[in-house]
Each structure stands twice: as structure tokens, then as C-alpha cells.
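For the sequence shown, position 64 matches number 67 in the numbering used here, and the numbering has no gaps at all. No residue lacks a Cβ here, since even glycine has one placed at the ideal position from N, Cα and C. Keep in mind it's a predicted model, so treat the numbers as computed, not measured. Only one structure is covered here, and it is reproduced in the block below.
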Amino acid sequence: MSFEPLASDFYGFETLLSEQEKDALMRVRTYMETSVRPVINDFWERAEFPHDLVASFLGTDVARYAFPEVAPFENSAVFRGLVAMEMARVDASMATFIGVQEGLAMGSISVCGSQEQRDEWLPRMASGEVIGAFGLTEPLSGSDSARGLRTTATRDGDSWVLNGAKRWIGNATFSDITIIWAKDTEDGQVKGFLVSTDSPGYSATKIERKIALRPVQNADITLENVVVPESMRLANANSFRDTAKVLRLTRAAVAWSSVGVSVGAYEAAVNYAKEREQFGKPIAEHQLIQDLLAKCLGNITASMAMCVRVSQMLDEGTQRDEHSALAKGFCTAKMRETVGWAREAMGGNGIVLDYEAARFFADAEALYSYEGTREMNSLIVGRAITGKAAFV
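Here you go:
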């Protein structure tokens with residue numbers, strides 16, 4: 004399969020990849036174009052998840068690359084970021100499914116689990132045998148999860164008893180396990196647990212009437228005296244600092260996904276501009292349309308450059324919380340501008356699913372808020388700048 008760089012990769016960042024990485028990226032691109040793009044608008048409109056695609060989707064190895072236990076070949080963080088971008092440029096919902104499965108759920112096990120837990124769960128999740136979810140956000144606790152977590156875990160012999168509630172948990176209506184973060188009633192520290200979703204006292208209810216990422220099955224979770232054996236406690240999750248290690252990685256991935264959403268909307272606008280005629284010629288020949296497209300491409304290129312460098316820093320071992328926070332906050336803000344300009348270039352047709360920009364426009368709102376709001380990411384960066392924390 005020959006490698007073809009995207010026209011929207013204006014500065015050629017994809018050329019940084021190895022030949023093996025380029026081949027793998029093309030497999031993902033081909034799958035998204037042939038299997039996902041033709042059907043995703045219908046699933047989006049019905050707010051249904053394409054369950055029939057899960058096996059073939061995971062068969063592209065998209066959930067394997069970050070973990071040495073299951074990776075098909077050694078790869079770079081830039082490659083993994085471009086894979087996230089490639090998925091999101093066709094559909095942010097499928098990218099979010101992988102972000103939960105591979106980034107949050109498998110990432111929690113990789114970062115905070117024992118080697119035994121890694122060996123048991125990562126291969127099963129990479130193959131799709133086990134679907135995961137990640138339960139941190141709560142009805143009354145989002146940005147303040149470090150201190151405001153209300154879900155509790157109480158040690159009872161060789162088991163733990165969990166009580167509480169979670170909200171906005173992706174994949175949770177059909178996951179086999181959910182990573183539940185709960186506050187230990189003895190020492191007050193946040194700990195992580197692998198909770199089987201068929202456990203007595205565990206229930207998940209789909210959140211309805213969303214305007215963004217409609218195929219993603221977000222749920223409200225309730226935990227009523229859910230018993231979890233000690234062997235299912237993440238062995239190296241001893242405080243919220245350990246939870247934050249997972250979020251550092253996934254925030255950078257969301258930054259990459261937001262670039263993909265920008266690219267998807269931009270590409271839709273370019274294609275539309277070449278075909279739509281007004282005043283006797285394609286609108287691609289109109290100065291104001293070209294200005295909108297140039298501004299879109301500027302945002303995409305700047306955001307991609309930031310993501311590439313953050314990924315390189317991850318491979319170098321120099322990436323810190325503030326680096327991924329700046330990328331997530333900046334790239335999602337620029338995404339919001341870009342999808343707006345792309346929709347604007349399409350006029351009234353920009354609000355119709357058939358032309359695709361509308362889906363990217365709506366989905367951008369979810370990426371803008373999840374994995375840390377722009378405001379919280381700004382405060383993380385501000386703390387690094389000033390040496391003073393401004394968290395309330």
C-alpha cells in the first residue's frame with residue numbers, strides 16, 4: 004500500500020514517520036474511508052454505536068501501538084498521534100471509542116497496573132475480547148476530581164466495597180470492565196479498580212439527547228455496595244497523582260483528535276468549494292472563501308506542529324503535565340474556530356449532515372470540554388508559568 008500524504012498536512016509532518024509506520028497509518032486511513040465514512044452519518048443521526056465494526060476496527064491494530072505487551076512493532080508517539088488524527092478526520096466518535104478503550108482504560112492498566120494485570124488485560128482488550136470504560140467524572144465532580152471525588156472504596160478483608168456515582172462515562176453501556184476511581188475511606192487517597200460490569204450493584208444508564216458525539220454511548224453509572232476483590236485493584240494507583248499520569252497521556256491524544264476534527268471539516272469545505280457554483284463560477288475562486296480556507300489551514304498546521312513536538316517530548320521522556328495541557332487547550336480552541344469557518348464556507352448546506360461539516364461542527368463541542376476544559380488546562384499551564392496554583 005503506497006503512502007500518500009494528506010494535502011492538509013501542509014508542512015509534511017507525516018514524512019517524519021518510518022516506512023513501517025506509514026504503512027500502518029495507511030491501513031487505518033483506508034479502513035476509516037471504506038468502512039466508517041459510508042455509514043457514520045446514519046449512526047450519528049440515530050445516536051447508535053456501530054457495534055458490528057468493532058472487531059474489524061480493532062483488527063487494524065489501533066488499540067495495540069502504545070503497549071509493548073501487544074504492539075505489532077516498535078513505534079513513535081508521533082505515529083500514534085497521527086493515527087488518532089486519522090481516525091478523527093473521518094469520525095470523532097470512533098476516535099473517542101478508541102480513546103476510551105486504548106487511552107483511558109488500557110492506559111490506566113498500563114500506567115497503574117501490576118505486570119500481572121498488564122499481561123492479563125492488555126491483550127484481551129487490544130483484541131476486543133474485553134471492552135473497557137473509564138469512570139472518573141461524577142455528577143457533582145468534574146474539574147475538581149482531585150479533591151472532590153465522592154465515590155468511596157472501603158476495604159473489607161480481601162475485597163473492597165464501592166459506593167457512588169459516575170457520569171459521562173464513554174463505552175459504559177456495553178463495556179465488560181470499567182476502571183472506577185474511588186476515594187479510600189481509610190486514608191482519603193484516590194485508588195483505581197477494575198470493576199466487572201456484571202457485578203451486583205453496578206448499573207449503567209445511557210445519557211440521551213446529546214448534540215455531539217452521538218454514536219458514543221455515554222452513561223450514568225451507579226455503584227451500590229459493589230464488591231471488588233483486592234486482585235482487581237490497580238496495584239500502582241495510590242493517589243490522584245497516579246490518575247493524573249494517565250490523563251497526561253490522553254490529553255495529548257485528544258489534542259491530536261481535535262486536529263483530526265479540524266482536518267475533516269476543512270477537507271469537507273474544500274471539496275464543497277470546488278463543486279458549488281455562485282455568480283457563475285465555483286466558490287473556490289472567490290476571495291472570501293479562499294481566506295476562510297487559508298485561516299483553517301493555518302490553525303491546522305499550527306496545531307499539528309504543537310502536537311508533533313509534544314509527542315516527541317513524550318518519546319524523549321521530557322513531557323510534563325503542562326505540555327499536554329497547553330496542547331489540549333490550544334488545539335481544541337483552534338478546532339472550534341476551524342470547524343466554524345469550514346461550516347461558514349458551505350453556507351446553509353453547512354448545517355446538513357450530507358455535507359459532513361455539520362457533524363464535525365457539533366462533535367467539536369464535546370472534544371472542547373472533555374479530558375480537561377480549556378479553563379482547567381489554562382490553569383495547569385498558568386501554574387507552570389508563575390509557580391503559583393490558582394485552582395479554587
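Rounded to the nearest whole angstrom, the C-alpha separation of Trp259 and Thr155 is 33 Å.
Nearest neighbour of Glu22 by Cα position, chosen from Phe82, Tyr34, Leu9, turns out to be Phe82. Around Arg49, the same chain offers no residue with a beta carbon nearer than 7 Å, after the five sequence neighbours per side are excluded. In the structure shown, Ala10 adopts coil according to DSSP, grouped into three states.
Counting along the chain, Asn380 sits inside the alpha helix (DSSP H) bounded by residues 377–389. For the alpha helix (DSSP H) assignment, the uninterrupted runs of no fewer than 4 residues enclosed by the region 70–135 are, from N- to C-terminal side, 80–91, 95–101, 110–115, 118–130. In this structure, the CA atom of Phe52 is about 35 Å from the CA atom of Tyr14.
For Val231, the beta-bridge partners assigned by DSSP are Trp163. It is roughly 8 Å from the alpha-carbon of Lys391 to the alpha-carbon of Gly385. For Asp318, the three-state secondary structure derived from DSSP is helix. In this chain, Ile43 is not harboured by any beta strand (DSSP E); it is covered by the alpha helix (DSSP H) spanning 40–49.
When the Cα atoms are used, Cys299 and Asn274 turn out to be separated by approximately 14 Å.
By the Cβ rule, the region 118–130 counts as touching the region 60–72, because three or more pairs are nearer than 8 Å. Counted as a single uninterrupted DSSP element, the alpha helix (DSSP H) harbouring Gly332 occupies residues 324–348. CA-CA distance, Ile292 to Ser199, rounds to 52 Å. When Cβ pairs closer than 8 Å are counted between the two stretches, the region 341–350 is seen not to touch the region 321–328, the count staying below three.
Burial state of Val355 is exposed, judged by a 10 Å Cβ sphere holding fewer than 16 other Cβ atoms. Selection Thr225, Ser5, Asp294, Glu7 evaluated against Thr140 yields Thr225 as nearest (Cα-Cα).
Ranked by how close their Cα comes to the Cα of Ile214, the residues Ser11, Ile388, Trp47, Asp12 have Trp47 in first place. About 5 Å separates the Cβ atoms of Met307 and Val262, confirming a contact at the 8 Å cut-off. Residue Trp163 holds the alpha-carbon nearest to the alpha-carbon of Lys194 among Gly267, Glu270, Trp163, Lys277. With 16 or more other Cβ atoms from the protein chains shown falling within 10 Å of its own Cβ, Asp94 counts as buried. In the structure shown, Lys25 adopts helical secondary structure according to DSSP, grouped into three states.
According to the DSSP assignment, Ala207 belongs to the beta strand (DSSP E) that extends over 205–209. Comparing alpha carbon positions, the residue from Ala328, Lys337, Glu374, Leu370 closest to Ser381 is Ala328. Under the 10 Å beta carbon count, Asn221 is surrounded by 16 or more other beta carbons and is classified as buried. Residue pairing for Arg158: DSSP places it in a beta bridge opposite Trp163.
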